[in-house]
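**Student:** A single structure is presented below for examination.
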Amino acid sequence: MRTASSAHRGVAVRAMLGGIAAVGLVAGCSTSVDGEPAAQGKSESTTSENVAFNPCTDVPSEALQAAKVDESSKATVTDAPTGPVPWRICRWTSTEGPYAVSIGSSTHTQEEARANPNLAGYRDVQIGNRSALVYYDKQDADKLMCYVNLPWASGMFEVAVGWFYSKRDSMPQSPPCDLAVQHATSLEPYLPH
1 MRTASSAHRG VAVRAMLGGI AAVGLVAGCS TSVDGEPAAQ GKSESTTSEN VAFNPCTDVP
61 SEALQAAKVD ESSKATVTDA PTGPVPWRIC RWTSTEGPYA VSIGSSTHTQ EEARANPNLA
121 GYRDVQIGNR SALVYYDKQD ADKLMCYVNL PWASGMFEVA VGWFYSKRDS MPQSPPCDLA
181 VQHATSLEPY LPH
C-alpha cells in the first residue's frame, strides 16, 4: 500500500525524471561523428550556461498563493550548487487536489522542446503575452504529468502538473494539461520575461 509520503516521492521522482528528460533536449538531438574533435567557433549550445532564475528562491509568496499550492511543501527537485546549471526545478503540493505543481527554469529553449522526440501532444496556447507550448512526456505511460513551456529572455520556464499515482483514478484529464495551463496562467505574471 502506498502512503501519502510515497505518493509524494513518486511525483518527485517523475518530476525529476521529466527534468532530466528535458535536459536531454540538446543531447538527445545531437549526432555522432567519427574522427577527432576540431576547435570551432563559439558553441550554440546553452548547456554550459547557468540559469539565472531559481524557482526555489525567486518565486514570490503571492505567486504561490495565486497558484494555490502549499508553500510549506516546497521540495527542490534539481538545483546543483556548482558547475553549469541548465535547470533549476522546485515542486509544491497543490491545495486543490492530489497533485503537485513544479516550476522549472532553464537555459534551454522552447524550440528545443518542440524538436524533442520524447515529447508529444504539442499544443500552442497564449498565456499573458507569451506564446506557450503544452506537451507531455511519451515515456509517462500513465499520463500523470503535463508541461507548459513559457519562453523568457534567458531560455524557458516549464510549469508542470503531476497527479499522484495513488489517486490516478480521480484525474479529470489524462494527461492533466488543462490544469497545467491553469497553473501556468496563475504563475505567468510573476515570472521574468
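First residue of the sequence shown? That's 1 in full-length UniProt numbering, and the numbers climb one at a time after it.
Even for Gly, the Cβ is constructed at its ideal location relative to N, Cα and C.
None of these values were measured; they are calculated from a predicted model.
The alpha helix (DSSP H) that contains Ser186, what's its start and end?
**Tutor:** If you number the sequence shown from 1, residue 186 lands on position 186. Unbroken alpha helix (DSSP H) run through Ser186: Cys177 to Leu187.
**Student:** Counting only the same chain and skipping the five closest in sequence on each side, list residues whose C-beta sits under 6 Å from that of Thr107.
**Tutor:** By 1-based counting over the sequence shown, the position of residue 107 is 107. Result list for Thr107: Thr46, Glu49, Val51, Pro86 and Gly155, in chain order.
**Student:** Any idea which residues DSSP pairs Tyr99 with across the strands?
**Tutor:** Mapped onto the sequence shown, residue 99 falls at position 99. The partner list for Tyr99 (beta bridge, DSSP) reads Trp163.
**Student:** Could you check if Gln126 is buried or exposed, using at least 16 other CB atoms within 10 Å of its CB as the buried criterion?
**Tutor:** Numbered from its first residue, the sequence shown carries residue 126 at position 126. Exposed, by the Cβ-count rule.
**Student:** Which of the three DSSP states is assigned to Ser72 in this structure?
**Tutor:** Here residue 72 is taken as the residue at index 72 of the sequence shown, counted from 1. Strand, per DSSP.
**Student:** Measuring CB atoms only, is the stretch 85–105 touching the stretch 117–133, in the sense that at least three cross pairs come out at less than 8 Å?
**Tutor:** No: fewer than three Cβ pairs fall under 8 Å.
**Student:** Between the beta-carbon of Ala120 and the beta-carbon of Lys138, is there less than 9 Å?
**Tutor:** Taking the first residue of the sequence shown as position 1, residue 120 is located at position 120. Taking the first residue of the sequence shown as position 1, residue 138 is located at position 138. Yes; because the gap between Cβ atoms is below 9 Å, this pair is in contact.
**Student:** Counting along the chain, where does the beta strand (DSSP E) carrying Arg91 start and finish?
**Tutor:** In the sequence shown, residue 91 corresponds to position 91, counting from 1. From DSSP, the beta strand (DSSP E) with Arg91 extends over Trp87 to Ser94.
**Student:** Apart from the five residues on each side of it in sequence, which residues of its chain come closer than 7 Å, Cβ to Cβ, to Arg168?
**Tutor:** Here residue 168 refers to the residue found at position 168 when the sequence shown is read from its first residue. Answer for Arg168: Asp142 and Leu144, listed in chain order.
**Student:** On the three-state DSSP scale, how would you describe Ser174?
**Tutor:** Residue mapping note: residue 174 aligns to position 174 of the sequence shown, counting from 1. Note: Ser174 maps to coil in three-state DSSP.
**Student:** Which residue's Cα is closest to the Cα of Phe53: Gln173, Leu133 and Thr78?
**Tutor:** In the sequence shown, the residue the question calls residue 53 occupies position 53. Checked all of Gln173, Leu133 and Thr78; the closest Cα to Phe53 is Thr78.
**Student:** So, at 8 Å on beta carbons, what are the nonlocal neighbours of Ala153 in its own chain, with the 5 sequence-adjacent residues on each side left out?
**Tutor:** Mapped onto the sequence shown, residue 153 falls at position 153. So the list reads Pro192 and His193, once near-sequence residues are dropped.
**Student:** Pick out the complete alpha helix (DSSP H) segments inside the stretch 108–168, 4 residues or longer, and give them in chain order.
**Tutor:** If we require 4 residues or more, the alpha helix (DSSP H) runs fully inside the stretch 108–168 come out as 110–115.
**Student:** With Glu188 and Leu150 assumed to form a contact (beta carbons below 8 Å), what rounded beta-carbon distance in angstroms separates them?
**Tutor:** As a working mapping, residue 188 is identified with position 188 in the sequence shown. As a working mapping, residue 150 is identified with position 150 in the sequence shown. With 8 Å as the limit, Glu188 and Leu150 qualify as a contact, their Cβ atoms being about 6 Å apart.
**Student:** Nearest by alpha-carbon distance to Ala80: which of Ser72, Cys90 and Pro117 is it?
**Tutor:** As a position in the sequence shown, residue 80 is number 80, starting the count at 1. Selected option, being the one with the closest Cα: Cys90.
**Student:** Using the rule of at least 16 other Cβ atoms within 10 Å of the residue's Cβ for burial, across every protein chain shown, is Ser72 buried or exposed?
**Tutor:** Counted from its first residue, the sequence shown places residue 72 at position 72. Exposed, because fewer than 16 other Cβ atoms sit within 10 Å of the Cβ of Ser72.
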